[in-house]
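**Student:**
Numbering (UniProt numbering), first residue to last: 1 to 231.
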């Protein structure tokens with residue numbers, strides 16, 4: 001069986017909460033789930049994963065626990081672990097939560113915005129552009145999520161930030177699994193330009209509208225997933 005490989009930039013960009021080896025497995029599995037290489041409801045066996053990554057089952061178990069905390073896998077007693085589903089109803093609910101988190105506290109973001117924040121956002125934008133030009137959708141997703149997390153960090157609501165992080169990863173997974181093929185990745189990166197411009201101008205109303213539309217139309221820039229609710 002082939003040994004799984006992963007790139008160092010991926011592991012460096014995702015915050016590490018465990019041993020280096022477990023983190024590497026966790027990031028590799030997260031990437032496969034987000035990109036759809038591991039499909040919804042796929043069964044994940046610790047022994048098989050340990051062989052793939054040439055590590056202990058304990059290392060795999062630690063990585064799976066982190067994925068479970070993100071909601072990307074579901075672990076059930078005596079039933080094992082499987083990849084979480086990716087349903088429209090969940091996507092709508094998470095987008096609604098994300099809208100409230102990111103848009104309701106923009107007055108705090110603008111109030112606390114400084115040169116460091118703007119510089120960081122420009123850096124993330126350029127990183128997204130580079131990933132898009134390289135056709136690296138997962139790396140683009142990492143920098144995209146980091147852009148929004150950094151923007152929200154200026155609201156100074158650290159207890160809320162992990163909730164936003166969970167919304168972001170599931171929003172991106174839903175987008176990747178449900179968007180049309182051959183999506184323009186560079187256009188995805190450029191969608192962030194007016195957000196930065198509005199922030200630089202201190203335009204609260206404009207920023208609120210821009211960010212709200214940006215979040216609501218995450219899947220191929222439409223449809224607006226917040227306009228209807230599935231049963």
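For each residue, glycine too, the CB sits at the ideal point set by N, CA and C.
1. Compute the Euclidean distance between the alpha carbons of residue 212 and residue 103, then round it to the nearest angstrom.
2. Please report the straight-line C-alpha distance between residue 65 and residue 218, rounded to a whole angstrom.
3. Considering Cα atoms alone, identify which of 193, 138, 78, 149 is closest to residue 173.
4. Look at the alpha carbon of residue 69 and the alpha carbon of residue 109, and state the distance between them as a whole number of angstroms.
5. So, are the CB atoms of residue 73 and residue 67 less than 7 angstroms apart?
6. For the stretch 188–200 against the stretch 117–128, are there 3 or more C-beta pairs whose distance is under 8 angstroms?
7. Please name the residue, chosen from 82, 53, 113, that lies closest to residue 39 on a Cα-to-Cα basis.
8. Kindly list the residues whose CB is nearer than 7 angstroms to the CB of residue 165, restricted to its own chain and excluding five residues on each side of it in sequence; keep chain order.
9. Can you list, in chain order, the residues of its chain with a C-beta nearer than 8 angstroms to that of residue 135? Leave out the 5 residues immediately preceding and following it.
10. Suppose contacts are defined by Cβ-Cβ distances below 7 angstroms. Is residue 146 in contact with residue 105 by that definition?
11. I'd like the list of long-range same chain contacts for residue 118, defined as Cβ closer than 8 angstroms, with 5 residues on each side in sequence excluded.
12. Can you tell me the Cα-Cα spacing of residue 97 and residue 49, whole angstroms?
**Tutor:** To lay it out plainly:
1. Position 212 of the chain shown holds residue 212. Position 103 of the chain shown holds residue 103. About 7 angstroms.
2. Within the chain shown, numbered from 1, the residue matching residue 65 stands at position 65. Within the chain shown, numbered from 1, the residue matching residue 218 stands at position 218. About 28 angstroms.
3. One-based indexing of the chain shown puts residue 173 at position 173. Considering only alpha carbons, the answer is 138.
4. As a position in the chain shown, residue 69 is number 69, starting the count at 1. As a position in the chain shown, residue 109 is number 109, starting the count at 1. So the two alpha carbons sit approximately 27 angstroms from each other.
5. In the chain shown, counting from the first residue as 1, residue 73 sits at position 73. In the chain shown, counting from the first residue as 1, residue 67 sits at position 67. Yes. Within cutoff.
6. yes
7. For the purposes of this step, residue 39 is taken as the residue at position 39 of the chain shown. Selected option, being the one with the closest Cα: 82.
8. The residue given as residue 165 occupies position 165 in the chain shown. Answer for residue 165: 149, listed in chain order.
9. Within the chain shown, the letter at position 135 stands for residue 135. Hits under 8 angstroms: 185.
10. Residue mapping note: residue 146 aligns to position 146 of the chain shown, counting from 1. Residue mapping note: residue 105 aligns to position 105 of the chain shown, counting from 1. For residue 146 and residue 105, no; Cβs fall outside 7 angstroms.
11. Translated into positions along the chain shown, residue 118 becomes position 118. Counting only Cβ-Cβ distances below 8 angstroms, and skipping sequence neighbours, we find 196, 199, 200.
12. In the chain shown, the residue the question calls residue 97 occupies position 97. In the chain shown, the residue the question calls residue 49 occupies position 49. Rounded to the nearest angstrom, the two C-alpha atoms are 33 angstroms apart.
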